[in-house]
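What follows is a set of notes on a single structure, which appears directly below.
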Amino acid sequence: MIFSLASFLSSLWFLSYDYALIVEFNLLNFNSCPVMLSILLDWMSLVFVSFVMFISSAVIFYSNEYMHGDYNLNRFILLIILFVGSMVLLIISPNLISILLGWDGLGLVSYCLVIYYQNVKSFNAGMLTALTNRVGDVTLLMAIAWMMNFGSWNYYFYLEVCFSDIYMSVIGWLVILAAITKSAQIPVSSWLPAAMAAPTPVSSLVHSSTLVTAGVYLLIRFNFCFSSSMMFVLLFLSSTTMFMSGLGANYEYDL
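Rendered as structure tokens:
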């Protein structure tokens, strides 16, 4: 809670001064392309971190009561912390390599949380969740491979070039494909209802601030790369998903 409040106040300070801070650590060089561990602190990343921390801390407090008596409560809390840590890594990363680490961390830990009860229903739901999220991982890997041609994986430096360069627009399409799988948009939305097989605190965390929001955050960061046709595709998919989910809710009795 305290860290969430500090992040929110810092975001207001960054926003008022239009300030952004990038910290880079050179890990290794691959084919004359440096692999950097980068941290991006600006008002947007700090706002997202503050909301993630606030909601996750509330979920952890709730989990202590909801999961009271569970023999594996410590393991459950550890998985929640890893889940939130992966999301924070994704948020503060301007580098596609470190984004992929957070992206895959979300997918791996979400699989462990969905199969937490270890019955047939949860195993089937976990497999559906894992396989669907792997589609987004592949498209993100393709974006990393394509961006290697430009000498750096720090997308933050190429946002203005993406819109005008037809070769960089490929990255925009790949990011859209990755985001719709993580945000459960049609036609890859079937994994999200299946993920409700996880414990209730996990479901609230997935829907509110972590797994589904990861795709939204990626779209916000890459919005400068999107042409009008990309925006139209996103509008069509999101509107269709909203309509179909609302229609399905009218006939759903398992609350």
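Counting from 18, one number per residue, gives the positions in the sequence shown under this note's numbering. Ideal placement from N, C-alpha and C gives every residue a C-beta, glycine not left out.
Between the alpha carbons of A215 and W208 lies a gap of roughly 12 Å. By the CB criterion at 8 Å, W163 and I188 fall inside the cutoff.
When only Cα atoms are considered, S67 and M213 end up about 25 Å apart.
Listed as beta-bridge partners of L130 by DSSP are no residues whatsoever. Judged by beta-carbon spacing, V131 lies beyond the 8 Å limit of T198, meaning their Cβ atoms are not closer than that value. Contact check for D87 against W120 fails: the beta carbons are separated by 8 Å or more.
Burial check for S245: the Cβ neighbour count within 10 Å stays below 16, so the residue is exposed. For V40, same chain residues with a beta-carbon under 6 Å away, outside a window of 5 residues either side, are I56 in chain order.
In the DSSP assignment, L38 forms a beta bridge with L58. For the pair T156 and V205, the CB atoms are not nearer than the 8 Å cut-off.
Note on geometry: alpha-carbon atoms of L45 and G143 lie some 35 Å from one another.
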